[in-house]
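My numbering applies: residue 1 is where the sequence shown begins, and numbers increase by one.
Virtual Cβ for every residue (Gly too), placed ideally from N, Cα, C.
Keep in mind that this is a model prediction, so the values were computed, not measured.
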Amino acid sequence: MFGFDTTQAKRRQGPRGKFDLPLLLALIGLACVGVVMVTSSSIAVADAQHFGEFYFLKHHLAYLALGVVAAGVAMRTELKVVEKHAFFLMLVAFIMLLAVFVPHLGMRLNGARRWLNLVVTSFQPVEAVKLILVVYIASYLVRHRESIETRFLGLIKPIAVSGIIVLLLLAQPDFGSATLVIAVTIAMVWLGGSRPIFLFLMGLPLMPLLAIAATSESYRMKRLTTFLHPWDHPFDDGFQLTQSLMAIGRGEWTGVGLGSSVLKLSYLPEAHTDFIFAVIGEELGLAGIVTVMVLFALVVWRGLHVGLKGVEIGQRFAGYIAFGISLMIGLQTMVSIGVNLGALPTKGLTLPLISYGGSSIVLTCAMAGVLLRATFEIYRAIDARQMATRVPAAAVPDANPANAREREAVAA
């Protein structure tokens, strides 16, 4: 009617992005599972410490609300702004990791210096460092694409940055997060186009260093060996794992019922944090375990799938961000579940979006927001490419001769 069709109208509006719906629903589902399971697993803990039954639930909801705000801000922030400040963010990460060693500012809990005292609450810097590391490596892969793909020396800078982070984490000590940082760095560089032989040569000198770090402390050696035979020391070094295995075993197919766990009643240590997966197994059974694992698998799959699309269409920074965050969430989930099932030594890593924990919840939500923003920009770029290849209807010649003669008569 007005001389242009819907295609032309859409061109005037510009390309449209969208957030990946399966990814968004999976993330919301995990957060909902987390609220339910933190409620169930923490009541006994809070009551035993005379905090009130719903102490941990209230705090968890408050942290989750902050996390939703952080995710919302991340979802509305253009990735080019984040990419521009990648180097500055990495400097902030180093400062935060060093700050935990400052007297009165850094807090020592359970023999480790991993928290900052912010007066009103505590903050664990490594949770922010995980996201910053992904941003920095993604930025480096974009800026030095040719060097990464063709030169061995192109790997030195990202590996060196990760190595410094690992050393600071081992000094805290936090061996679990250090291992996670190494794994994600190597995976991102490999997905960025580096040759496997380069990664192998770079990793050769790191292997003995990791072996020394793992065996230099007696408690680490116990963790590395006890998980293989936990029933030999069920009331000592193997106590956590044996309680976890008993909880999961009690759940069988459909679980003992929500809220009916016995092992969470002061038997299973850290039931609402590190070993919340065991409580899920006991109360919801194999059905609950599979549901949680499917949701995490969906998050990782969608992130990697959309990230690959981003790299293919030239949105490399968004694609590498999607790769890195998906890998960070996926690998941490694998470690947490592996610890609960006795497949890995105890690492002290939470189950993303499900375990109780202020810094973990807020920063994981922020990480999810950045991941969703990456999907938005990738889909926007795909829509822009599709619009560029469309031919407006007015430009297409009408193949019907009768219609052509009619237009000529009207024009005359």
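On the DSSP bridge list, what partners appear for residue i?
| i | result |
| --- | --- |
| S122 | N117 |
| A160 | Paired residue(s): none; A160 is not in a bridge. |
| R108 | R113 |
I need the boundaries of the alpha helix (DSSP H) containing residue i, first residue and last residue.
| i | result |
| --- | --- |
| R380 | G358 to T389 |
| K347 | Neither: K347 is in no alpha helix (DSSP H) and is coded neither H nor E. |
| V35 | L21 to A48 |
| K264 | No alpha helix (DSSP H) holds K264; DSSP gives it neither H nor E. |
| G52 | It is not in any alpha helix (DSSP H) - G52 carries neither H nor E in the DSSP assignment. |
| W301 | I276 to E312 |
| G249 | F239 to G251 |
| L153 | Note, L153: premise wrong, no alpha helix (DSSP H); not H, not E. |
| G80 | In the sequence under discussion, the amino acid at residue 80 is Lys, which differs from the Gly named in the question. L79 to K84 is the extent of the alpha helix (DSSP H) around K80. |
| W231 | That residue, W231, is in no alpha helix (DSSP H); it is neither H nor E in DSSP. |
| S177 | F175 to L191 |
| I197 | P196 to G203 |
Residue i: which of the options sits nearest, CA to CA?
| i | options | result |
| --- | --- | --- |
| P269 | R250, Q240, A178 and F19 | Q240 |
| L331 | G319, A318, F317 and K347 | K347 |
| V73 | A368, I382, A388 and D383 | A368 |
| L57 | L79, E78, A31 and V69 | A31 |
| D274 | L353, P234, E312 and K309 | L353 |
| R146 | P125, V189 and L118 | With the sequence shown as reference, residue 146 is identified as Glu, and Arg is not the correct amino acid for it. The option with the nearest alpha carbon to E146 is V189. |
| H60 | R76, V33 and Q49 | V33 |
| A374 | A71, G14, I182 and T150 | A71 |
| L23 | Q386, A388, E127 and F376 | F376 |
| A138 | G106, T333 and T185 | T185 |
| V292 | S355, L245, R316 and V306 | S355 |
| G357 | F19, M37, P15 and G193 | M37 |
| P413 | M202, K264, F175 and A343 | Because the chain here runs from 1 to 412, residue 413 falls outside it and cannot be looked at. |
| R76 | E312, D383, L372 and V35 | L372 |
| H144 | G193, A65, A26 and F54 | G193 |
| L351 | V35, P15, K18 and L308 | V35 |
| A381 | F88, A318, F198 and T150 | A318 |
| A211 | F175, L199, P230 and D232 | F175 |
| I136 | F87, P125 and H104 | The amino acid occupying residue 136 in the given sequence is Tyr; Ile does not appear at that position. Comparing Cα positions, the closest option is F87. |
| E149 | P196, Q124, H104 and L105 | P196 |
| G281 | L295, L263 and Y140 | L263 |
| A287 | H305, L344, V256 and I313 | V256 |
| A178 | H85, P125, E312 and L27 | P125 |
| T364 | S244, T333, M387 and D47 | T333 |
| L245 | G338, V102 and M387 | G338 |
| K80 | F51, Q315, H50 and L308 | Q315 |
| L344 | H229, E78 and I313 | H229 |
| H85 | Q49, A187, Y140 and D232 | Y140 |
Less than 9 Å between the beta carbons of residue i and residue j, yes or no?
| i | j | result |
| --- | --- | --- |
| V92 | V370 | no |
| Y320 | L191 | yes |
| T254 | G285 | yes |
| S122 | I276 | no |
| V120 | H272 | no |
| L349 | L167 | no |
| A366 | G29 | no |
| G238 | E283 | no |
| I248 | N117 | no |
| E127 | S359 | yes |
| Y63 | I361 | yes |
| E279 | S266 | Residue identity check: residue 279 is Val in the sequence provided, not Glu. Cβ atoms of V279 and S266: not closer than 9 Å. |
| F227 | G342 | yes |
| V142 | M90 | no |
| L97 | I165 | yes |
| G163 | L206 | yes |
| V294 | D20 | no |
| A297 | G14 | no |
Exercise for the section: Count the CB pairs spanning the stretch 291 to 311 and the stretch 322 to 336 that are closer than 8 Å, and state whether there are at least three. Expected result: yes
Exercise for the section: Indicate whether the contact test is met: 3 or more Cβ pairs, each with one atom in the stretch 160 to 176 and one in the stretch 97 to 115, closer than 8 Å. Expected result: yes
Problem - Segment contact, 8 Å Cβ cut-off, at least three pairs: the stretch 147 to 157 with the stretch 126 to 133 - result: Under the 8 Å Cβ criterion, the stretch 147 to 157 does not count as touching the stretch 126 to 133, having fewer than three qualifying pairs.
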